[in-house]
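Chains as they are written, first to last, in the working numbering: chain C, 1 to 119; chain U, 1001 to 1115.
Every residue gets a Cβ at the ideal spot worked out from N, C-alpha and C, and that includes glycine.
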Amino acid sequence: KAGVTQTPRYLIKTRGQQVTLSCSPISGHRSVSWYQQTPGQGLQFLFEYFSETQRNKGNFPGRFSGRQFSNSRSEMNVSTLELGDSALYLCASSFPEVAGASETYNEQFFGPGTRLTVL
Amino acid sequence: AQSVSQHNHHVILSEAASLELGCNYSYGGTVNLFWYVQYPGQHLQLLLKYFSGDPLVKGIKGFEAEFIKSKFSFNLRKPSVQWSDTAEYFCAVTMFSGGYNKLIFGAGTRLAVHP
Chain C
1 KAGVTQTPRY LIKTRGQQVT LSCSPISGHR SVSWYQQTPG QGLQFLFEYF
51 SETQRNKGNF PGRFSGRQFS NSRSEMNVST LELGDSALYL CASSFPEVAG
101 ASETYNEQFF GPGTRLTVL
Chain U
1001 AQSVSQHNHH VILSEAASLE LGCNYSYGGT VNLFWYVQYP GQHLQLLLKY
1051 FSGDPLVKGI KGFEAEFIKS KFSFNLRKPS VQWSDTAEYF CAVTMFSGGY
1101 NKLIFGAGTR LAVHP
């Protein structure tokens, strides 16, 4: 099975620009989560999508948004980039969960990440 | 607030030394617990996980972790480290929020093993 893929792998932007990152989950996975990884902060949860719906969101400003398509592929968008947005953005996918399950959780499989540098 | 704490940010060991990395979380509900590892230039990958049952879980490459519910801890151990264990280690805990589970990561521990 192919793993989680993310494109592009590297990106350089300037302040004020916007950027779109893409994630293709493992075939059959319907849940996609996004994380921001910076030195010293670890992985900060951005949001999770399941069946094209955002069902969980971290504490990031509205400049960070995402969406999921019917084939489970997901994109995240960052508008009006700031220097502090420089980070490794990771996408993770997991197996389908039973809708509304509260105590079950499935392992997340991570992609290689997109390294975003904001100048 | 729901959080995961990893007490050691940087650990330096010599080969064959024993390793223990601490992880504590703040959440009173049912949790699932994970340790992920990120080798230099590689993806995050799962080292081991705990969902239920025996609180001592064994993972890949000789790693193990013990869930102590009363201490809200899930420490990672390895009796004898190798140079190839040099990596960053992340503890992660699922916490129930907004109707679904959310995976919360600790800040990570960078391990350097010297030959």
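Just to make sure I have the definition right: I need the residues of chain U whose C-beta is within less than 9 Å of the C-beta of residue i. Which are they?
i: F45 (chain C); result: K1102, L1103, I1104 and F1105
i: P153 (chain C); result: Outside the modelled stretch of chain C, which goes from 1 to 119, sits residue 153 (chain C), for which no answer is possible.
i: L90 (chain C); result: H1043 and L1044
i: Q68 (chain C); result: Those do not exist, as Q68 (chain C) stays about 15 Å from chain U at its closest Cβ, beyond 9 Å.
Should residue i go down as buried or exposed, given a rule of 16 or more other Cβ atoms within 10 Å for buried?
i: I1117 (chain U); result: In this structure chain U extends from 1001 to 1115, so residue 1117 (chain U) is not present and cannot be described.
i: G16 (chain C); result: exposed
i: F1090 (chain U); result: buried
i: G1041 (chain U); result: exposed
i: A87 (chain C); result: buried
i: I1060 (chain U); result: exposed
Just checking residue i against the ligand GDP - is the residue's beta carbon closer than 7 Å to any of the ligand's heavy atoms?
i: V1057 (chain U); result: Absent from the structure shown: the ligand GDP. Ligands present: none.
Quick one: which chain C residues come within Cβ less than 7 Å of residue i?
i: K985 (chain U); result: The question about residue 985 (chain U) has no answer here: the residues shown for chain U are numbered 1001 through 1115.
Along chain C, in chain order, which residues have C-beta atoms closer than 8 Å to that of residue i?
i: H1007 (chain U); result: None at all; the shortest Cβ gap to chain C is about 13 Å.
Thinking residue i and residue j are a contact (beta carbons under 8 Å), I'd like their distance in whole angstroms, please.
i: E75 (chain C); j: R63 (chain C); result: Not really, about 15 Å apart at Cβ, beyond 8 Å.
i: V1004 (chain U); j: Y1025 (chain U); result: 5 Å
i: T1109 (chain U); j: N1008 (chain U); result: 5 Å
i: Q1115 (chain U); j: E1020 (chain U); result: The question names Gln, yet the displayed sequence has Pro at residue 1115 (chain U). That belief does not hold up - the Cβ atoms of P1115 (chain U) and E1020 (chain U) are roughly 21 Å apart, past 8 Å.
Which chain U residues are close to residue i, counting only those with a beta carbon under 7 Å from its beta carbon?
i: G84 (chain C); result: Chain U residues near G84 (chain C): none, gap ~17 Å exceeds 7 Å.
i: G40 (chain C); result: A1107
Contiguous beta strand (DSSP E) assignments of at least 3 residues, all confined to the stretch 11-51 of chain C = 19-24, 31-38 and 42-50
Selection of the stretch 1098-1111 of chain U by Cβ proximity to chain C, strictly under 8 Å = G1098, G1099, Y1100, N1101, K1102, L1103, I1104, F1105, G1106, A1107 and G1108
Residues within the stretch 1061-1091 of chain U neighbouring chain C, beta-carbon criterion of under 7 Å | F1090
Give the residues from the stretch 21-37 of chain C that approach chain U closer than 9 Å (Cβ to any Cβ), ordered along the chain.
-> S33, Y35 and Q37
Runs of beta strand (DSSP E) wholly within the stretch 1012-1036 of chain U (minimum 3 residues, chain order) | 1019-1021 and 1024-1026
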